[in-house]
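Number of protein chains: 2
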Amino acid sequence: MTDISTTEPTKKGTAAVTAAVLIIGNEILSGRTQDTNLNHLAKTLGSWGIQVREASVIPDIEETIVNSVNTLRQHFDYVFTTGGIGPTHDDITAECIAKAFEVPLVIHPEIEAVIRRREAPEDVMQNRLRMARVPQGARLIDNPTGGPQGFALANVHVMAGIPLVMQAMLSSLEGKLNTGAIVQSRSITAYLGESQIAAELTAIQDRFAELDVGSYPFFRDSRYGTTLVIRGTNLEDLEAAAQLVRDMVTAAGGEPLDAQR
Amino acid sequence: MTDISTTEPTKKGTAAVTAAVLIIGNEILSGRTQDTNLNHLAKTLGSWGIQVREASVIPDIEETIVNSVNTLRQHFDYVFTTGGIGPTHDDITAECIAKAFEVPLVIHPEIEAVIRRREAPEDVMQNRLRMARVPQGARLIDNPTGGPQGFALANVHVMAGIPLVMQAMLSSLEGKLNTGAIVQSRSITAYLGESQIAAELTAIQDRFAELDVGSYPFFRDSRYGTTLVIRGTNLEDLEAAAQLVRDMVTAAGGEPLDAQR
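For the record, the sequence lines run as chains A and B.
Residues in the first sequence are numbered from -10 upward in steps of one, following the numbering used here.
Residues in the second sequence are numbered from -10 upward in steps of one, following the numbering used here.
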């Protein structure tokens, strides 16, 4: 793991830069809410050259959050959390990050200023100021929606759970993170059973060990099919493997359809 | 954790029965596919009296799968996995479960029979028979779509990644698992800022320590609002807390709208 805990200028490298996503919220685990943040994070970070390697959905329980953050931040270059930074009693992410890093929780003057911009009765203001609490030493993550900012401490980035706000915060990080080689992909769809091409597909995977060759079956229009996805950072190999996959589908009696991704 | 590793008749208890969900698949982590299996599992298991407490999305990497399964199966009553049980080289879930339990991988005659029902050239059949491999001692999970079955070993249930197939397999488990008290919920939506009711909401949470009181802000029709969700197993407390929440919203100048869930 590279040390990327500082605010030094963005580094672009060819090595992989990895991330874990931590979705904090009982509402995802109860099934009340369908998470969409992981998908947005995976696609956006991936397009910047940061590979999401693992994701966890955990409840609003202090011990669980603290332990998860401390495990993930040691195993991945970046950790991105969503959820639990609002003003209510169940918003405990900021204090958990402070506990994970063993630093005090402090009021951040810039977040406080944003919060005080909107007038409110004193008791309501006091509740809103909960959102200005950050672990000591935290850097701010801009919030282009105009609400309170998110924050980062070392390699942990803490963002809102509301998709629109999370997406806005994430967009403000573009160009400010260390990035590595961008994983690109070619996808070929065929209305063939996976078993009809399994052996040949293994041979293609074996020939290109640096690529990730996956088969993702689906059931659509009353037919089974599979999308064959090749991912990797070497474009030349990617194109060569994709052509072998197209030839393989044709040889098996199928029609290779280039898919969007 | 109760021992629920046998096939003895279903037990219905009042204690919580817990589960972890393990989503296995590079396609979720790359952002190519939006996962919907967690949401379906959380809702369905929840309605049976099994509470999903944690979920992880992990890549098709043997060590990661083995370690995740071994950690989760010790911490939760049940583990449900989705993905990685097809016939291609990237389908490694069955062998990883066998490694996690340190048992050999064997061909299950009942799955083989299902696979051989559909005729195929010998080489294609050999690939399809990969789907008949299960860890020794595994029990079958029916597959009402007519395809190869899933399997369970001790408290770990292994299902397909295709949502339609996963849902069919899960439905076949209804009535066959140990279940506990069912968590019910009341949801009240209000177009109020969370900060306007944060203090009162904390007081309601404090008064009903056995309930889980959550506030889930949203941005809809150009307005911020929040859905206040109370969850718990004691219906009388649930109704009492819900009424306090409605009164609180009214007192704050809002209109309490009972939400669907």
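Ideal placement from N, C-alpha and C gives every residue a C-beta, glycine not left out.
It should be emphasised that the depicted structure is a prediction, and the values quoted were computed from it without experimental measurement.
Cβ shell of residue i (< 8 angstroms), same chain only, five flanking positions each side left out
i: A/Arg212; result: Tyr180
i: B/Gln40; result: Ala5, Val6, Thr7, Ala8, Leu34, Gly169 and Val172
i: A/Arg122; result: Ala83, Glu84, Leu94, Val95, Ile96 and His97
i: A/Glu99; result: Leu129 and Gln138
Per-residue DSSP class, three states only, for residue i
i: B/Gly35; result: helix
i: B/Val103; result: helix
i: A/Pro93; result: coil
i: A/Asp251; result: It is not possible to answer for residue 251 of chain A, since the shown part of chain A is limited to -10 through 250.
i: B/Ile193; result: helix
i: B/Ala5; result: coil
i: A/Arg175; result: strand
i: B/Thr71; result: strand
i: B/Ile186; result: coil
i: B/Leu142; result: strand
i: A/Ala83; result: helix
i: B/Leu11; result: strand
i: A/Leu166; result: coil
i: B/Thr(-4); result: Note that B/Thr(-4) scores 45 on pLDDT, short of 50, meaning its location in the model is unreliable; the coordinates nonetheless yield the value given after this. B/Thr(-4) falls in the coil class under three-state DSSP.
i: B/Leu181; result: coil
i: B/Pro98; result: helix
i: A/Glu108; result: coil
i: B/Met(-10); result: The pLDDT assigned to B/Met(-10) is 41, lower than 50, so where the model puts this residue is not dependable, and the model offers no usable value.
N- and C-terminal bounds of the alpha helix (DSSP H) containing residue i
i: A/Val234; result: Leu224 to Ala240
i: B/Thr53; result: Glu51 to His64
i: A/Arg117; result: Glu111 to Arg117
i: A/Ser160; result: Pro152 to Ser160
Chain B residues whose Cβ lies nearer than 8 angstroms to that of residue i
i: A/Pro48; result: Arg42 and Glu43
i: A/Asp112; result: Ala188
i: A/Gly214; result: Within chain B, no residue comes near A/Gly214; the closest Cβ sits about 11 angstroms away, beyond 8 angstroms.
i: A/Gly75; result: Glu183, Ser204 and Pro206
i: A/Gly35; result: Ser19 and Gly20
Contact belief for residue i with residue j at Cβ below 8 angstroms, rounded distance in angstroms
i: A/Gly169; j: A/Gly38; result: 5 angstroms
i: B/Glu101; j: B/Leu118; result: 6 angstroms
i: A/Leu94; j: A/Pro137; result: Actually they do not touch by this definition, with Cβ atoms about 15 angstroms apart.
i: A/Pro206; j: B/Ile151; result: 6 angstroms
i: A/Asp127; j: A/His97; result: Going by the sequence as given, residue 127 of chain A is Ala instead of Asp. Their Cβ separation, rounded to whole angstroms, is 7 angstroms, which keeps A/Ala127 and A/His97 in contact under 8 angstroms.
i: B/Leu18; j: A/Ala31; result: 6 angstroms
i: A/Glu297; j: A/Thr215; result: Not covered by the structure: residue 297 of chain A. The range shown for chain A is -10 to 250.
i: A/Asp247; j: A/Ile177; result: 6 angstroms
i: A/Ser45; j: A/Ile81; result: Rounded, the Cβ-Cβ distance is 16 angstroms, inconsistent with contact.
i: B/Asn78; j: A/Leu190; result: According to the sequence shown, residue 78 of chain B is His rather than Asn. That pair is a contact at about 6 angstroms.
Partners in chain A for residue i, counting only beta-carbon separations shorter than 8 angstroms
i: B/Glu16; result: Gly203, Tyr205 and Val218
Per-residue contacts from residue i into chain B (C-beta, under 7 angstroms)
i: A/Phe208; result: Ile151 and Leu153
i: A/Gln106; result: Going by the sequence as given, residue 106 of chain A is Arg instead of Gln. Per Cβ cutoff of 7 angstroms: no residues; A/Arg106 is ~14 angstroms from chain B at best.
i: A/Arg275; result: Any property of residue 275 of chain A remains undetermined from this structure, which presents chain A solely from -10 to 250.
i: A/Asn28; result: Gly20 and Gln23
i: A/Gly221; result: Result: empty, since nearest Cβ-Cβ is about 11 angstroms, beyond 7 angstroms.
Residue i - containing beta strand (DSSP E), residue span
i: A/Met148; result: Val145 to Met148
i: A/Arg122; result: Arg122 to Pro124
i: B/Ile130; result: Arg128 to Ile130
i: A/Ser204; result: Asp201 to Arg209
i: A/Gln40; result: Gln40 to Ile47
i: B/Thr25; result: From DSSP, B/Thr25 is part of no beta strand (DSSP E); its letter is neither H nor E.
i: A/Gly214; result: Arg212 to Gly221
Where residue i meets chain B, residues with beta-carbon distance less than 9 angstroms
i: A/Lys32; result: Ser19, Gly20 and Arg21
Any C-beta of chain E under 7 angstroms from that of residue i
i: A/Ser184; result: Chain labels in this structure do not include chain E; the protein chains are A and B.
Neighbouring residues, chain A, relative to residue i (Cβ below 9 angstroms)
i: B/Ala109; result: Gly182, Ser184 and Gln185
Beta-carbon neighbours of residue i, restricted to chain A and to distances below 7 angstroms
i: B/His64; result: Chain A residues near B/His64: none, gap ~11 angstroms exceeds 7 angstroms.
i: B/Pro245; result: Correct list: empty, because the minimum Cβ distance to chain A is about 16 angstroms.
i: B/Gln194; result: His78
i: B/Thr191; result: His78
Own chain partners of residue i with C-beta closer than 6 angstroms, once the 5 adjacent residues on each side are dropped
i: A/Glu43; result: Ala9
i: A/Ala87; result: Leu94 and Pro124
i: B/Thr22; result: Glu16
Spatial neighbours of residue i in its chain, beta-carbon cut-off 7 angstroms, leaving aside the 5 residues before and after
i: B/Met148; result: Phe69, Thr70, Thr71, Ile130, Gly139, Met155, Met158 and Leu159
i: B/Pro48; result: Asn15 and Leu18
i: B/Gln185; result: Ala241
i: B/Ala109; result: Arg117
i: B/Val92; result: Pro124, Gln125 and Gly126
i: A/Ala231; result: Arg175, Ile177 and Ile219
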